[in-house]
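This report refers to the structure that appears directly beneath it.
See below:
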């Protein structure tokens with residue numbers, strides 16, 4: 131088992147990320163975007179690209195920094211602390227990991243576009259209200275040398291602003307992953323504002339034509355490229371949620387130390403101390419599962435499913451507890467829109483559903499544990 | 003006997019080879035049932051020849067206490083090699099050759115606070131399983147408020163004289179020696195008048211009385227000291243500063259107790275256990291609860307590993323041991339509840355062979371009390387980690 135503590139380089143990466151984000155993207159940045167009716171800040175993403183974040187999983191040959199999944203998790207966690215809105219997960223983690231599974235000029239060019247921050251991606255995979263890639267029914271039927279896609283995708287996170295879509299479709303003998311520009315004829319994108327003020331689109335495909343060049347990897351074998359991409363995304367999302375939990379918890383403990391009632395700070399009351407201490411324990415336990423997932427993805431990627439699902443399951447459980455306790459321990463002010471805790475609660479709910487909910491991931495764990 | 007390589011890859015190869023040749027077949031069953039544990043000690047009767055051979059061979063290699071220095075009976079393994087050791091023991095499902103409070107608790111405290119002479123005198127017999135130790139901490143009036151201990155220890159010039167009573171002394175009736183907290187200054191503030199002392203249980207004036215528990219067994223005793231004399235060099239650390247030793251030892255005790263509930267390592271997956279007991283785990287409510295418990299157990303196991311990775315030079319995990327103890331013991335109680343539930347009425351007989359042992363289930367209820375209650379653990383975290391309260 132790899133060392134589960136952070137290396138010196140990893141601590142430096144986290145510190146550098148924190149320094150940048152505290153300036154460029156505190157929670158007030160999300161609030162400003164929301165109040166302006168926006169879900170994305172292209173100039174913030176350009177700055178992140180300049181620091182190498184967009185290319186963190188892109189090979190150096192394609193212009194990336196290729197620092198690995200543990201490092202991606204560190205950035206995601208820091209972003210989670212202040213609920214940063216960016217295409218990091220969709221583009222830099224999920225799309226980059228899918229595209230790097232295949233060789234060739236086309237994928238190299240696509241990866242270079244991601245690393246440069248010039249091209250953004252969204253993953254179009256869900257069709258119902260739950261993550262269930264095996265049940266995909268959007269069809270890509272053979273049409274001469276190419277394909278014709280018909281169907282509908284839901285909950286396409288970042289789908290409103292993304293330039294490209296990775297689309298999972300059913301083909302003759304299985305599932306196939308397509309890389310399509312969003313402006314392809316027949317694609318209609320209905321961007322919807324989610325509770326957490328980010329963008330998730332419903333996207334309809336009506337006789338959308340694709341060529342063999344649009345296939346990522348091999349026809350009928352989407353999972354070879356998509357499985358690593360999903361695991362990378364799930365692990366990074368779990369990391370983001372640990373950051374989210376830590377952010378909400380930090381606000382809560384600070385509040386316990388300053389809010390006075392009955393003539394004393396409320397942090398002196400044992401009932402609240404024990405709630406806070408229990409939450410800290412949960413955050414610590416989850417942090418271990420998340421670090422482990424990053425290590426396994428870097429060292430033994432073919433056998434990472436178990437570690438990743440463990441991390442995602444724990445992360446959503448802990449994030450949920452952190453925001454519920456966060457509101458409760460803040461009392462009435464925690465319920466107001468003017469205070470930030472509500473943003474944490476909403477993001478935690480969205481993150482819990484994205485890329486598989488608790489039941490989905492616990493079931494993956496169950497399979498390997500004799501249930 | 004030659005020592006093992008310090009190069010991790012070579013160490014693994016040599017260790018695997020050595021274990022293959024030296025671990026008796028009967029010891030390749032990592033059962034933690036009380037009947038299979040080797041506690042060692044002066045009066046220990048080995049349950050089998052294989053148990054004796056296994057202890058002797060492992061002790062000769064320093065592998066009963068793999069991370070202790072070789073000078074005191076250990077193998078001097080660093081963290082990387084310790085992990086490999088655990089993995090290789092797990093690979094052949096090897097039983098621990100020796101369990102003891104000397105290894106878990108006194109040893110680390112002596113390594114940290116003991117004099118060179120004390121280390122040389124007390125540690126090697128622990129490593130070889132020759133002396134069995136018990137812990138004299140709690141008293142009738144000092145439970146969660148441990149620093150209130152009143153057992154009186156007076157300086158009589160050339161010896162110490164002890165009078166008082168300890169309670170919840172695990173296996174005091176079977177132990178050879180006791181490490182105990184006693185009051186050596188009755189006028190000082192309560193934390194500042196305590197000393198950490200070592201007493202031979204065969205001394206005149208020491209008596210023990212087992213306490214029968216709800217589980218029907220008596221792992222705990224009352225221990226009485228009635229004008230017990232012991233030599234001056236049997237104080238560990240500074241006189242009247244025993245609380246520092248006690249706290250340090252407690253972090254190791256808590257770490258040890260927390261590991262009891264793990265599904266990792268030698269432990270079997272809860273899902274497999276429950277499926278066997280209930281004939282397939284078809285009850286959806288039970289299955290969902292077990293699944294969550296399994297997810298938590300795996301994450302807690304990783305947390306224990308992470309904190310060991312962080313701890314330098316076997317120094318223990320400090321205040322985080324309160325967290326490990328709290329989550330580990332609450333988990334263990336929950337797992338035993340699930341096992342009882344899975345076995346249904348089969349598990350209600352004292353001597354039943356249902357797979358779920360009602361005595362074990364009852365025993366786990368003490369996990370979140372012994373070594374500091376869950377509430378004491380949460381208090382430690384609040385104060386020392388989160389900085390809440392005065």
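Residue numbers (the working numbering), protein chains in the order written: chain A, 131 to 501; chain B, 3 to 392. Just so you know, even glycine gets a beta-carbon here, dropped at the ideal spot from N, CA and C.
Whole angstroms are fine: how far does the CA of residue j sit from the CA of residue i?
| i | j | result |
| --- | --- | --- |
| residue 266 (chain B) | residue 191 (chain B) | Here the model assigns residue 266 (chain B) a pLDDT of 35, short of 50, so the residue's position is not dependable, and the following value carries that caveat. Rounded to whole angstroms, residue 266 (chain B) to residue 191 (chain B) spans 43 Å at the Cα level. |
| residue 44 (chain B) | residue 21 (chain B) | 27 Å |
| residue 476 (chain A) | residue 456 (chain A) | 12 Å |
| residue 297 (chain B) | residue 194 (chain B) | 43 Å |
| residue 264 (chain B) | residue 377 (chain B) | Interpretation of residue 264 (chain B) is limited by its pLDDT of 48, a score under 50 that renders its predicted location unreliable; no figure is taken from the coordinates. |
| residue 450 (chain A) | residue 97 (chain B) | 40 Å |
| residue 172 (chain B) | residue 221 (chain B) | 5 Å |
| residue 382 (chain A) | residue 119 (chain B) | 50 Å |
| residue 377 (chain A) | residue 183 (chain A) | 21 Å |
| residue 159 (chain A) | residue 463 (chain A) | 20 Å |
| residue 408 (chain A) | residue 380 (chain B) | 7 Å |
| residue 116 (chain B) | residue 226 (chain B) | 26 Å |
| residue 364 (chain B) | residue 217 (chain B) | 5 Å |
| residue 283 (chain A) | residue 314 (chain A) | 15 Å |
| residue 142 (chain A) | residue 152 (chain A) | 15 Å |
| residue 244 (chain B) | residue 213 (chain B) | 27 Å |
| residue 390 (chain A) | residue 410 (chain A) | 22 Å |
| residue 465 (chain A) | residue 472 (chain A) | 7 Å |
| residue 253 (chain B) | residue 247 (chain B) | 10 Å |
| residue 169 (chain B) | residue 187 (chain B) | 21 Å |
| residue 140 (chain B) | residue 84 (chain B) | 33 Å |
Per DSSP, residue i is paired with what?
| i | result |
| --- | --- |
| residue 276 (chain A) | A:273 |
| residue 330 (chain A) | A:287, A:322 |
| residue 135 (chain B) | B:179 |
| residue 357 (chain A) | The partner list for residue 357 (chain A) (beta bridge, DSSP) is empty, contrary to what the question assumes. |
| residue 162 (chain B) | B:157, B:232 |
| residue 39 (chain B) | Note: residue 39 (chain B) sits in no beta bridge, so no partner. |
Between residue i and residue j, is the Cβ-Cβ spacing less than 8 Å?
| i | j | result |
| --- | --- | --- |
| residue 305 (chain B) | residue 338 (chain B) | no |
| residue 286 (chain A) | residue 279 (chain A) | no |
| residue 164 (chain B) | residue 230 (chain B) | yes |
| residue 359 (chain A) | residue 276 (chain A) | no |
| residue 70 (chain B) | residue 113 (chain B) | yes |
| residue 232 (chain B) | residue 162 (chain B) | yes |
| residue 261 (chain A) | residue 430 (chain A) | no |
Report the neighbours of residue i on chain A: residues whose CB is nearer than 9 Å to its CB, in chain order.
| i | result |
| --- | --- |
| residue 259 (chain B) | Going along chain A, no residue has its Cβ under 9 Å from residue 259 (chain B), so there is no contact; the nearest lies around 15 Å. |
| residue 325 (chain B) | 407, 410, 411, 414, 415 |
| residue 343 (chain B) | The contacting residues do not exist; residue 343 (chain B) stays about 15 Å from chain A at best. |
In its own chain, which residues sit with a C-beta less than 6 Å from the C-beta of residue i, not counting the 5 before and 5 after it?
| i | result |
| --- | --- |
| residue 135 (chain A) | none |
| residue 482 (chain A) | 446 |
| residue 228 (chain B) | 207 |
| residue 54 (chain B) | 48 |
| residue 218 (chain A) | none |
| residue 289 (chain B) | 283 |
| residue 198 (chain A) | 428 |
| residue 60 (chain B) | 66, 99 |
Residue i versus chain A: which residues are under 8 Å apart at the beta carbon?
| i | result |
| --- | --- |
| residue 311 (chain B) | 133, 134, 135 |
For residue i, go through chain A and note every residue whose CB falls closer than 7 Å to its CB, in chain order.
| i | result |
| --- | --- |
| residue 391 (chain B) | 397, 398, 403 |
| residue 92 (chain B) | Correct list: empty, because the minimum Cβ distance to chain A is about 11 Å. |
| residue 371 (chain B) | Result: empty, since nearest Cβ-Cβ is about 16 Å, beyond 7 Å. |
Using the beta-carbon of each residue, which ones in chain B are nearer than 9 Å to residue i?
| i | result |
| --- | --- |
| residue 501 (chain A) | 271, 272, 273, 274, 276, 277, 283, 289, 292, 293, 296 |
| residue 383 (chain A) | 388, 389, 390 |
| residue 440 (chain A) | 297, 300, 301, 304 |
At 8 Å on the CB atoms, spell out the chain B contacts of residue i, in chain order.
| i | result |
| --- | --- |
| residue 387 (chain A) | 389, 390 |
If you drop the 5 nearest sequence neighbours on each side, which residues of the same chain put their C-beta closer than 7 Å to that of residue i?
| i | result |
| --- | --- |
| residue 110 (chain A) | Outside the displayed span of chain A (131 to 501) sits residue 110 (chain A), for which this structure offers no information. |
| residue 420 (chain A) | 203, 368, 369, 372, 441, 445 |
| residue 405 (chain A) | 455, 459 |
| residue 229 (chain A) | 237, 240, 241, 346 |
| residue 214 (chain A) | 151, 155 |
| residue 369 (chain B) | 259, 262, 331, 334, 335 |
| residue 319 (chain A) | 289, 290, 312, 331, 333 |
Apart from the five residues on each side of it in sequence, which residues of its chain come closer than 8 Å, Cβ to Cβ, to residue i?
| i | result |
| --- | --- |
| residue 30 (chain B) | 94, 95, 96, 97 |
| residue 140 (chain A) | 200, 201, 204 |
| residue 354 (chain A) | 231, 347, 348 |
| residue 52 (chain B) | 26, 27, 28, 29 |
| residue 162 (chain A) | none |
Chain-ordered residues of the segment 287-304 of chain B with a beta carbon less than 9 Å from chain E: Here chain E cannot be found, since the structure's protein chains are A and B.
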